[in-house]
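A.B. asks: Just dropping this structure here.
This is the structure we're talking about:
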């Protein structure tokens with residue numbers, strides 16, 4: 036998951052004073068008028084219309100596009116960034132209201148939960164299949180599959196490719212939830228895969244949840260493979276689960292553009308120290324060497340001067356849970372003699 040850039044609309048002359056402008060400028064250096072004022076008005080109208088209709092993700096997408104057309108140090112930029120943060124919280128809150136009071140009979144609630152779960156899975160399957168329609172994704176997956184087929188056989192290669200693909204689509208689902216544009220996943224043999232997001236994330240909480248969505252989906256894929264191993268006894272499934280655990284655990288190292296680095300941006304200093312302690316506890320139990328790198332990264336981030344004052348509890352709990360379960364998966368024993 037790496038940051039990219041989006042080309043801004045071309046503009047050669049200031050609409051107010053006629054000064055010649057570079058395409059990348061968002062305000063006139065002479066009269067300070069907003070270069071893309073007309074477009075900004077259109078986007079604001081479209082965004083609020085979508086929000087009024089209940090299409091929060093679509094509204095977020097319009098506001099994010101508007102943010103790119105504003106000077107970073109302007110009051111308008113901050114106002115739009117605040118609006119994006121507010122809508123992001125509303126996106127996360129959708130579906131929570133009304134869950135406390137539920138007077139329906141128990142059997143109806145259970146049936147409703149089953150139906151809702153089925154709809155959720157079908158929606159995710161649709162998203163997963165949608166990613167395969169991108170020619171760059173499909174071709175790079177085939178190259179990746181071919182390389183690892185040659186090294187470790189087609190079963191392991193196929194499982195590895197699909198596990199990494201599910202991880203990346205977890206990021207993409209979260210990006211789309213927050214109305215952000217991304218590229219399709221690109222597979223790189225020896226590295227893994229990546230998607231590039233083309234718009235700035237101004238809310239650390241949203242950035243953390245997008246970052247941790249990949250390992251969460253990846254964990255789901257790894258647990259599914261482990262379940263197949265327990266059912267079939269085929270150690271190829273165990274090997275795929277183990278590799279999935281290792282890859283997703285590596286991504287939780289809280290540095291740079293790794294998923295853990297994004298996740299830690301929404302944690303307070305105390306939360307970061309607790310996460311570091313949890314990593315140490317997992318290492319004491321599992322002796323998983325990768326946890327040493329996670330622990331060093333967590334301690335460094337806890338000592339960093341860049342801290343958020345209000346941490347995100349969901350990101351905090353998700354990170355610790357991911358470390359625990361992925362450490363166990365990365366350490367499962369696989370019989371390679373069969």
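Residue numbers (our numbering): 36 to 373. Beta carbons: idealized from backbone N, C-alpha and C, even for Gly. Every value quoted in this text rests on a predicted model; they were computed, and no experiment measured them.
#1: Could you check whether residue 217 and residue 233 sit closer than 8 Å to each other, using their CB atoms as the reference points?
#2: For my contact list, residue 253 and residue 202 are in at a C-beta cut-off of 8 Å; report their separation, rounded to the angstrom.
#3: Check whether the region 55-71 touches the region 79-94, counting contact only when three or more Cβ pairs, one atom from each stretch, lie closer than 8 Å.
#4: Taking C-beta to C-beta, are residue 110 and residue 191 nearer than 8 Å?
#5: Rounded to the nearest angstrom, how far is the Cβ of residue 314 from that of residue 358, given a contact under 8 Å?
#6: Does the region 317-329 come close enough to the region 354-368 that 3 or more CB-CB pairs lie under 8 Å?
#7: Which residue wins for smallest C-alpha separation from residue 226, given the options 195, 369, 84, 251?
#8: What three-state label does DSSP hand residue 344 in the structure shown?
#9: Would you mind sorting residue 134 into buried or exposed? The rule is 16 or more other CB atoms within 10 Å of its CB.
#10: Pull up the CB-CB distance for residue 303 and residue 330, whole angstroms please, since I reckon it's below 8 Å.
#11: Mind checking if residue 341 is an interface residue toward chain D, Cβ cutoff 8 Å exclusive?
#12: Residue 219 and residue 277 - do their beta-carbons sit closer together than 8 Å?
#13: Where do the N-terminal and C-terminal ends of the beta strand (DSSP E) with residue 104 fall, by residue?
#14: What three-state label does DSSP hand residue 227 in the structure shown?
#15: According to DSSP, is residue 213 part of a helix, a strand, or is it coil?
#16: If we ignore side chains and look at the alpha-carbon of each, how far apart do residue 292 and residue 337 end up?
#17: Just checking my contact of residue 332 with residue 289 at CB under 8 Å: how many whole Å lie between their CB atoms?
#18: Would you kindly report the start and end of the unbroken alpha helix (DSSP H) that includes residue 80?
#19: Could you please give the first and the last residue of the uninterrupted alpha helix (DSSP H) stretch that includes residue 117?
#20: By alpha-carbon positions, which one of 287, 267, 280 ends up nearest to residue 245?
#21: Note down the Cα distance separating residue 79 from residue 172, rounded to an integer number of angstroms.
#22: Look at the alpha carbon of residue 206 and the alpha carbon of residue 262, and state the distance between them as a whole number of angstroms.
#23: Leaving aside the five residues before and after residue 199 along the sequence, list all residues of the same chain whose C-beta is less than 6 Å from its C-beta, in chain order.
#24: Apply the 10 Å Cβ neighbour rule to residue 340 and answer buried if 16 or more other Cβ atoms are within range, or exposed otherwise.
C.D. replies: Here's the rundown:
#1: In contact: residue 233 and residue 217 (Cβ atoms closer than 8 Å).
#2: 4 Å
#3: no
#4: no
#5: 6 Å
#6: A contact exists between the region 354-368 and the region 317-329.
#7: 195
#8: Correct three-state label for residue 344: coil.
#9: Low per-residue confidence applies at residue 134: pLDDT is 40, beneath 50, and the placement is therefore not dependable, though the value from the model is reported in the following sentence. Exposed, because fewer than 16 other Cβ atoms sit within 10 Å of the Cβ of residue 134.
#10: So it is not a contact: roughly 18 Å between Cβ atoms.
#11: The structure shown contains no chain D; it is built from a single protein chain.
#12: no
#13: Following the DSSP letters along the chain, one finds residue 104 in no beta strand (DSSP E), marked with neither H nor E.
#14: Note: residue 227 maps to strand in three-state DSSP.
#15: coil
#16: 17 Å
#17: 4 Å
#18: 72-87
#19: 110-128
#20: 287
#21: 33 Å
#22: When rounded, the distance between both Cα atoms is 24 Å.
#23: 227, 228
#24: The residue in question, residue 340, is exposed, as its Cβ has fewer than 16 Cβ neighbours within 10 Å.
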